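These protein sequence lines are chains A and B, in that order. Read in order, the letters of the first sequence correspond to residues 1 to 78 in our numbering. Read in order, the letters of the second sequence correspond to residues 1001 to 1586 in our numbering.
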Amino acid sequence: MKRYRLRAAVATLIIFIILDIAIVSGHVHIVFPWSHVPGFFSFFGFLGCLAIIYGAKLLGHHWLQRDEDYYGKDDEHE
Amino acid sequence: MMSMSNFPLAIIYVLGAALLPLLPRRVRAAFGLLVSIAAFIFLVNLETGASLTFPFLNYELMVCRVDRLSLAFGYVFVIMGFLGGIYGYHVKDTLQQVASLLYVGSSLGVVFAGDLFTLLFFWEIMAISSLFLIWARRTRDARRAGFRYLLVHAFGGSALMAGVLLHLQQTGSLLFTHFDGGVASYLILLAFTLNAAVPPLNGWLPDSYPEGTVTGSVFLSAFTTKVAVYALARGFAGLELLMWSGAIMAVYGVVFAFLANDGRRLLSYHIISQVGYMVCGVGIGTEVGVNGATAHAFAHILYKGLLFMGMGTVLYATGHNKLTELGGLFKKMWLTLIFFMVGAFSISGVPLFSGFVSKSMVVYAAEMEHFGAVVLLLNLASIGTFLSIGLKLPYFTWFSTDRNLKPEPVPPGMYIGMGLTSLICIAIGVYPALLYNLLPFEVHYQPYTASHLVETMQLLIFTGLAFWLVIKQLHVADTITLDTDWFYRRPSRLAFKVFSIWVCQLFEAVEELSIRFARYLVKVGANPAGYSVEAVKNAGHILLRTEKPAPEPPTFSPDRYRIPLGFMVLVVLLVLIVILTWDFLF
């Protein structure tokens, strides 16, 4: 199962790198440093997704996430 | 003169809201829809360039000004008001019906306001009417969140008023045009960015929107923030600060959304993120940028309304909205899932859905001005959006663990509302000219290019792959996330102590003291001579350092030192004799 997923991912990546070289490179009018990296947005999507997941988890776990009644405790005086 | 070409649309809604409670209960919801249809007829008759002025005190107020920017927002607001009305057709609560009409009307009032005074007037009505959409849920949490919402918006409204008055004093003009800096415009900017929920002024939005009623939150998600985007586009286009705030805001929203447990709070954070794109487009300030911001606002209002409708339907049917309490609804609520996924694909910018043709315009504007960091930040936000709304939220609501929920039947109006909104989202995605023809500037942008398609598909597919890779490690927890509302929610405990408890304690202490003093006076007044004698004796003991006698026995009698009555009579008689003698002799 795991292998199957990995193969599918690599195959998709290869397809998109080919597409990138065939269609995108050389056809974009506005050039950024990443415009020359084939499949840049594949990597960006993959790593960006992991970065958001783990970045958010780190932030939440160590700092921002609290019990649901965190503010509720203030309301005892009502 | 007032005519069809410059008719202030807000009037229709205000009249409608006033008439609605007088009608029989059965026809009220239909009447609400009728108001929207009437407004739409007036809207298509508005002419670009028309305006309506109205003398008020010493000023000429421009209560209606029609141009392409206000028209674009006007269209989407009227359409969304209608769709929300269909979705909420089953609602029998007059408060919600009146509040939503006023809310739509006042939003249109702001959008077509030509002067700052009219803007301020409708701005405040907008805040109050939306507040009742939160309070109409009638729960304790909604009431409390509503009060916080009210306080925050009262602050924003005051800043706006101060800014407007200062601006009037400095420039002598009330016209709402581009602002040129100075304290007045910063105050106005503060009010606008507060309503646009630009961090750190964003705390109120995820705090209050999840607490609204099922239909109320559909309306809430559409208007306040987008009215603010309109106001920023007119007043502050090209302010670079806004571009950076917008780009950061887009990522801020998705990070917090990922941590949210309440489904509608997750969507609320994505409002912040999506409004980030618009604020960024406004900040770039070029024609493409403002077009992109407007297009994205237009598309966003519809798909975000649709998403709130979807989660609202789940809340309506199951009574739950937290990811920790949802799951396995696929077989029971598959139709809602389909509609929700249309909204989810739209917000994620999947080709053939509305977000694809609007979001990319903002990114394109940033590319044109060569802001590489902004382009990357916006793309990162795009990834996070697909992750949370396209994958995580539907996964934990409709799939994941089956919690054996028993959804109640949903009124057909909710399905029709979601269906119509879905249709519009797809129509815009398939045929972008529908949207592009409404934008303030002429559009030279083509979203369906091979390179754009390849880039977008790469982003989406690899986000999906990463999600599937770590899906086993994702679990939702029963928590809340601290946001900037902490700064006024947590210290409220201290403020309560200082301004309420301490003040009460001070009052109590003063009262206690005065009562003691009064008791003492009563005691002294009963026998002044006795107390004086005692006091002199005590003073003598203290001065001469002699030993004090034992305290008086408890059976102290005031008569002990009281002067006998006969003595007083004698004194009076003697005085009388002296006076008489004096009188007689001289």
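From the three backbone atoms N, C-alpha and C, an ideal C-beta is built for every residue, glycine too. Source: prediction; values computed, not measured.
**OP:** Determine whether the Cβ of A/Ile53 lies closer than 9 Å to any Cβ atom of chain B.
**Re:** yes
Original post:
Distance, Cα to Cα, A/Glu76 vs A/Gly60?
Top reply: With a pLDDT of only 49 at A/Glu76, under the threshold of 50, the placement of this residue in the model should not be trusted; the figure read from the coordinates follows. A/Glu76 and A/Gly60: Cα-Cα distance of roughly 26 Å.
**OP:** Could you check the C-alpha separation between B/Leu1102 and B/Leu1095 for me, to the nearest Å?
**Re:** B/Leu1102 and B/Leu1095 have their C-alpha atoms some 11 Å from each other.
Original post:
Between A/Ile52 and the rest of its own chain, which residues show a CB-CB distance below 7 Å, the 5 nearest in sequence each way excluded?
Top reply: none
Original post:
A/Ala9 versus chain B: which residues are under 7 Å apart at the beta carbon?
Top reply: Leu1465
**OP:** Measure from the C-beta of A/Arg66 to each C-beta in chain B and report whether the shortest distance is under 9 Å.
**Re:** yes
**OP:** Out of B/Asn1195, B/Leu1585, B/Thr1215, point me to the one whose CA is closest to B/Ala1231's CA.
**Re:** B/Asn1195
**OP:** Only counting runs of 3 or more residues, tell me where the beta strand (DSSP E) segments fall wholly within the region 1039-1073 of chain B, in order along the chain.
**Re:** For the region 1039-1073 of chain B, whole beta strand (DSSP E) runs of length 3 or above, ordered along the chain, are 1051-1056, 1059-1065.
Subject >> Sequence ranges, beta strand (DSSP E) only - wholly within the region 1408-1483 of chain B, length at least 3 >> reply: 1479-1481
Subject >> B/Met1368: contacting residues in chain A (beta-carbon distance under 8 Å) >> reply: Ile30
Original post:
What is the DSSP secondary structure of B/Asp1115, counted as helix, strand or coil?
Top reply: strand
**OP:** Go to B/Arg1493, then tell me how far its alpha helix (DSSP H) extends in each direction, as first and last residue.
**Re:** 1492-1496
**OP:** Take B/Phe1132 and list the residues in its own chain whose beta-carbon comes closer than 7 Å to its own, dropping the five residues that flank it on each side.
**Re:** Residues of the same chain with a CB within less than 7 Å of the CB of B/Phe1132, apart from the 5 flanking positions on each side, are Leu1095, Ala1099 in chain order.
Subject >> Inter-residue CB distance, B/Lys1359 and B/Ser1382 (contact presumed, cutoff 8 Å) >> reply: 7 Å
Subject >> Residues near B/Phe1042 by beta carbon distance below 8 Å, same chain, minus five either side >> reply: Met1004, Phe1007, Leu1009, Ile1012
Subject >> Close Cβ partners of B/Leu1069 (< 8 Å) along its chain, the five nearest in sequence each way excluded >> reply: So the qualifying residues of the chain are Tyr1230, Ala1233, Arg1234, Val1290, Thr1294, Pro1440.
**OP:** Count the CB pairs spanning the region 1204-1218 of chain B and the region 1118-1125 of chain B that are closer than 8 Å, and state whether there are at least three.
**Re:** no
**OP:** Rank B/Ala1222, B/Ala1365, B/Thr1053 by C-alpha distance to the C-alpha of B/Arg1113 and give the top, closest one.
**Re:** The sequence given here places Ala at residue 1113 of chain B; Arg does not occur at that position. Of the candidates B/Ala1222, B/Ala1365, B/Thr1053, the one whose C-alpha sits nearest the C-alpha of B/Ala1113 is B/Thr1053.
**OP:** Note down, in chain order, each residue of its chain lying with its Cβ closer than 7 Å to the Cβ of B/Ser1107, except the 5 sequence neighbours on either side.
**Re:** Phe1077, Met1126, Phe1223, Val1227
Original post:
In chain B, what lies closer than 8 Å to A/Tyr4 by C-beta?
Top reply: Simply none; closest approach about 11 Å.
Original post:
With 9 Å set as the bound, which would you pick, yes or no: does the beta-carbon of A/His77 sit closer than that to a beta-carbon of chain B?
Top reply: Note that A/His77 scores 48 on pLDDT, short of 50, meaning its location in the model is unreliable; the coordinates nonetheless yield the value given after this. Taking Cβ atoms only, chain B reaches closer than 9 Å to A/His77, which makes this a yes.
**OP:** Just list the beta strand (DSSP E) runs in the region 1201-1287 of chain B, keeping only unbroken ones of 3 residues or longer that don't cross its boundaries, in chain order.
**Re:** none
**OP:** Using beta-carbon positions only, say whether B/Tyr1209 and B/Gly1413 come within less than 9 Å of one another.
**Re:** no
Original post:
What residues in the region 1001-1035 of chain B have a beta carbon less than 9 Å from any beta carbon of chain A?
Top reply: none
Original post:
Where does B/Leu1322 sit, in a helix, a strand or coil, going by DSSP?
Top reply: According to the sequence displayed, residue 1322 of chain B carries Lys and not Leu. Residue state, collapsed to three classes: strand.
**OP:** Find the residues of chain A that neighbour B/Glu1455, judging by a C-beta separation of less than 8 Å, and give them in chain order.
**Re:** Listed by position along chain A, the residues whose Cβ is nearer than 8 Å to that of B/Glu1455 are Val24, Phe41.
Subject >> C-beta neighbour in chain A for B/Gln1169, strict 9 Å >> reply: no
Original post:
From which residue to which residue does the beta strand (DSSP E) around A/Arg66 run?
Top reply: 65-67 is the span of the beta strand (DSSP E), which, as asked, contains A/Arg66.
Original post:
Are the Cβ atoms of B/Phe1353 and B/Gly1429 separated by less than 9 Å?
Top reply: yes
Original post:
To which residues of the same chain is A/Phe16 closer than 6 Å at the C-beta, ignoring the five residues directly before and after it?
Top reply: Gly39, Ser42
**OP:** Can you tell me which of the three DSSP states B/Leu1175 falls into?
**Re:** strand
Original post:
So B/Phe1330 packs on B/Gly1310, CB below 8 Å; how close in whole Å?
Top reply: About 14 Å separates the beta carbon of B/Phe1330 from that of B/Gly1310, a gap too long to meet the 8 Å contact definition.
Subject >> Beta-carbon separation (whole angstroms), B/Ser1388 vs B/Leu1465, contact threshold 8 Å >> reply: So it is not a contact: roughly 16 Å between Cβ atoms.
**OP:** Please report how far the alpha carbon of B/Thr1479 lies from the alpha carbon of A/Ile30, in whole angstroms.
**Re:** 44 Å
Original post:
Which residues of chain B have a Cβ atom closer than 8 Å to the Cβ of A/Leu59, listed in chain order?
Top reply: Val1255, Leu1259
Original post:
Residues of chain A with a CB under 8 Å from the CB of B/Trp1502: which are they?
Top reply: Under the 8 Å cutoff, chain A gives no residues; its nearest Cβ is about 13 Å from B/Trp1502.
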